[in-house]
Amino acid sequence: MLKILNNSVAFAIGVIVVGFVAFAYSASVNKITDFVIFCIYVLGFDVLYGHMGRISFGHTLYLGAGAYGAAMCAKYLVPDPFLAMAMGIAAGAFLGLIIGPIAVKTKGAAFALINVAFNQIGYFIVLVALARYTGGEDGVSLTFNSYGFVNFGNIHFLFAFCLTCLVAVYYLMHRLYGSAFGIMLLGIKENETRVRFLGYNTSAYKWVAFIISTSVSAFAGALFVINYGFANPGFMDPARNVEVIFAALIGGPGTELGAVVGGTAYMVISNYLAKYIARWEMFLGAALLIIAFGFRKGIMGYVRELVEKRIKANAMAAEK
Amino acid sequence: MAEVVITARGVTKQFDGLVASSNVNFEICVGDTVGIIGPNGAGKSTFFNLLTGLYIPDSGTITYFGKDITKMPPHDRVGLGIVRTFQLVSVFDTMTVLENMMLARIRFDGTYGKKRFFLRNLLKSREVDGCMKALDTIGIAGKCDVKVSDLPYGKKRELEIAIALSMDPKLLLLDEPLAGMSMVEITEIMDIIKGLKSKLTIVLVEHKISKILDLVDTLYVMHEGQIICSGEPNMVICDPAVKECYFGRDNVCY
Ligand SMILES: Nc1ncnc2c1ncn2[C@@H]1O[C@H](COP(=O)(O)OP(=O)(O)OP(=O)(O)O)[C@@H](O)[C@H]1O
Ligand SMILES: [Mg+2]
């Protein structure tokens with residue numbers, strides 16, 4: 194069982210695909226497409242949080258950069274969905290490239306706050322400074338080209354496309370975390386000084402991880418824009434950072450599957466609980482408290498622990 | 083006259099007015115084994131941190147084979163062969179023994195810095211050059227899949243030494259390698275260090291003075307950030323100034 198959790202990426206991907214397809218066609222394809230994209234965002238966030246031990250309170254900047262990168266491309270260049278995606282990712286990567294060297298020098302609260310600071314700047318830029326192009330508070334609405342069956346206006350195609358993207362990102366992350374680079378990130382999380390004294394320029398690796406994280410988050414932003422057909426400052430709102438943090442926490446930081454489980458769990462709570470309970474955010478707050486104090490490893494961490502315990506017990510029994 | 087490995091000239095480091103390292107002059111030649119002793123808080127670890135680049139001295143210079151490395155970042159010094167262990171055992175608790183060793187050895191792997199560095203599944207392939215050999219020399223190869231947090235303290239220290247040895251050191255700095263070890267483990271570690279003596283240049287900080295007297299060629303004594311005495315080990319420990327710093331003036335008066 195632990196082997197499956199650890200190694201069988203095919204199994205995990207199977208579960209994700211089957212789960213989301215079943216969910217989408219029993220609930221609402223539109224809504225579940227949102228869930229899928231959000232999971233990509235959580236995967237991007239968790240590169241820094243779960244693997245490098247750096248929590249960013251300003252990740253909507255990168256989501257928003259992807260959203261506006263895609264939107265500006267579609268509005269002023271060509272409304273090609275693929276080019277828009279590429280521009281969105283490029284925008285996120287660019288921000289990672291320039292903010293990274295400053296941000297990764299810090300950790301803990303300083304890292305969290307530096308990201309918020311840049312997030313605020315970005316929010317101001319899209320809301321006020323460049324309002325002439327971004328449409329300010331109203332944002333911009335867009336239509337994208339379609340080519341035969343490659344039609345992002347078709348919810349079934351869009352859903353399938355986003356799910357494929359999630360699987361691709363998931364697989365990429367899986368490869369990354371199993372590699373030398375992944376081990377190095379875990380080392381940096383636990384004891385960065387020690388990694389430096391193994392002869393590695395940790396700043397460079399942290400920078401690379403930062404760029405990967407911002408690019409993946411931006412990719413999610415671009416997909417959101419294609420899904421909604423508009424971009425507005427809400428994508429970059431610093432106040433919405435709690436969403437991705439909560440999702441990463443609840444799923445279990447540091448595992449790919451945890452990010453997807455957490456992303457889905459958060460979306461379920463925020464989409465469905467909100468229907469029944471007017472001030473559902475209060476429950477979110479309570480849940481955060483519970484996680485912070487008693488459930489640090491999240492759902493996947495908890496599952497893993499249970500399985501590990503079982504295996505240890507079995508091994509002990511076998512020895513006797 | 084053998085070639086000089088590392089030289090410290092007038093190295094000084096202050097922490098908020100506390101002079102942790104005060105005008106330290108130090109030199110070690112190729113193949114030598116040197117010990118540094120001194121009471122708690124004397125500045126021994128600080129001196130290691132200065133040599134390895136964790137701290138940059140306020141004044142003074144450090145040269146390595148004639149090259150000025152005073153301001154060189156730690157990872158570059160490691161690349162030159164300056165390898166250290168820490169006083170507080172410093173290995174990765176959340177990883178297995180083998181993963182710890184892999185992390186140290188990736189740098190020497192042919193794929194390092196290439197695309198495969200990011201994508202080759204290391205955990206599955208387990209084939210990073212020289213890992214098992216390094217674990218073998220220190221006798222913990224059998225524990226390679228054990229999580230480090232499950233290892234006893236002494237084994238962690240041995241692992242840290244194995245890691246240091248696996249990194250092709252030219253200059254090995256060991257900060258209290260015997261601290262917290264059982265008698266058996268002390269003997270094991272001493273045997274390892276003795277085996278290295280002919281191959282490496284070693285600086286050793288240690289509180290268990292009696293254990294290292296026969297091992298080191300030269301002994302330095304630090305006190306309040308200064309080197310107060312150095313020379314042939316058995317002569318040094320008889321020096322009145324050394325006795326005084328260990329037993330204290332007050333004790334002598336009473
Ligand atoms: N980063 C730091 N910030 C402030 N003070 C420090 C720092 N590092 C060391 N010191 C101080 O410098 C002095 C020398 O410390 P150091 O650790 O070098 O002593 P030591 O000789 O290694 O002692 P021990 O035998 O206890 O390991 C101590 O008074 C210590 O409190
Ligand atoms: Mg010390």
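Protein sequence lines, in the order shown, are assigned to chains P and R. For the first sequence, the numbering used here assigns the number 194 to the initial residue and increments by one for each residue that follows. For the second sequence, the numbering used here assigns the number 83 to the initial residue and increments by one for each residue that follows. Yeah, the Cβ is synthetic: ideal placement off N, Cα and C, and Gly gets one too.
Beta bridge pairing from DSSP links T300 (chain R) with R:V116.
Across the set R:G277, R:T269, R:I284, R:M263, the C-alpha of R:I284 shows the shortest separation from the C-alpha of L255 (chain R). The secondary-structure analysis by DSSP pairs I484 (chain P) with nothing; it has no beta-bridge partner.
DSSP, read as helix, strand or coil, puts L335 (chain P) in coil. With a cutoff of 7 angstroms on beta-carbon distance, I188 (chain R) and A397 (chain P) are scored as not near each other. In this structure, DSSP gives F275 (chain P) a helical state, which the three-state scheme calls helix. Counting C-beta atoms within 10 angstroms of its own C-beta, N434 (chain P) has 16 or more neighbours from the protein chains shown and is therefore classed as buried. The three-state reading of DSSP puts A479 (chain P) in helix, counting H, G and I together.
For I110 (chain R), the enclosing beta strand (DSSP E) begins and ends at 100–111. The beta carbon of E270 (chain R) is closer than 8 angstroms to those of G221, E240 in its chain, skipping five residues each way along the sequence.
Per the DSSP secondary-structure output, I164 (chain R) pairs in a beta bridge with R:L253. Closest by C-alpha distance to L365 (chain P), out of P:A510, P:L482, P:A353, P:S408, is P:S408. Considering only P:A267, P:D430, P:V437, P:G491, the residue with the shortest C-alpha distance to I314 (chain P) is P:D430.
Distance from the C-beta of K290 (chain R) to the nearest heavy atom of ligand 2 is not below 6 angstroms. Straight-line measurement puts the Cα of L359 (chain P) at about 10 angstroms from the Cα of T226 (chain P). Around the Cβ of D257 (chain R), a 10 Å sphere holds 16 or more other Cβ atoms; the residue is buried.
Using a CB distance cut-off of 7 angstroms, R187 (chain R) does not count as an interface residue toward chain P. Between G161 (chain R) and chain P, the shortest Cβ-Cβ separation is below 7 angstroms. Leaving aside the five residues that flank I309 (chain R) on each side, the residues in its chain whose CB is nearer than 8 angstroms to its CB run, in chain order, V106, N107, F108, Y302, V303. With contacts defined as CB atoms closer than 7 angstroms, I291 (chain P) and F311 (chain P) fail to qualify as a contacting pair. Distance from the CA atom of F238 (chain P) to the CA atom of V112 (chain R), rounded to whole angstroms, is 49 angstroms. Taking CB atoms only, R387 (chain P) has a neighbour in chain R less than 7 angstroms away. In the three-state scheme derived from DSSP, where H, G and I count as helix and E and B as strand, K268 (chain P) is classed as helix. At a cut-off of 7 angstroms, the C-beta of E383 (chain P) has a neighbouring C-beta in chain R. Residue contact check for L133 (chain R) against chain P: no CB pair falls below 7 angstroms.
Taking a 10 Å sphere around the C-beta of M245 (chain P), we find 16 or more other C-beta atoms and assign the residue as buried. CA-to-CA, the gap between D331 (chain P) and A432 (chain P) works out to about 18 angstroms.
Between the beta-carbon of Y363 (chain P) and that of E449 (chain P) there is about 6 angstroms, and that keeps the pair under the 8 angstroms contact cut.
Taking 7 angstroms as the cut-off, the beta carbon of I144 (chain R) is found closer than this to the beta carbon of A90 (chain R). Fully contained in the region 306–363 of chain P are the following alpha helix (DSSP H) runs of length 4 or more, in chain order: 324–327. For V287 (chain R), the uninterrupted beta strand (DSSP E) segment begins and ends at 283–287. Look at A90 (chain R) here: in three-state DSSP terms it is strand.
Beta bridge pairing from DSSP links A424 (chain P) with P:V333. Between V160 (chain R) and G207 (chain P) the beta-carbon gap is near 43 angstroms, outside 8 angstroms, which marks them as no contact. Per DSSP, T143 (chain R) is not a residue of any alpha helix (DSSP H); the beta strand (DSSP E) it occupies stretches across 141–146. Taking the CA atoms as reference points, G380 (chain P) sits about 19 angstroms from L247 (chain R).
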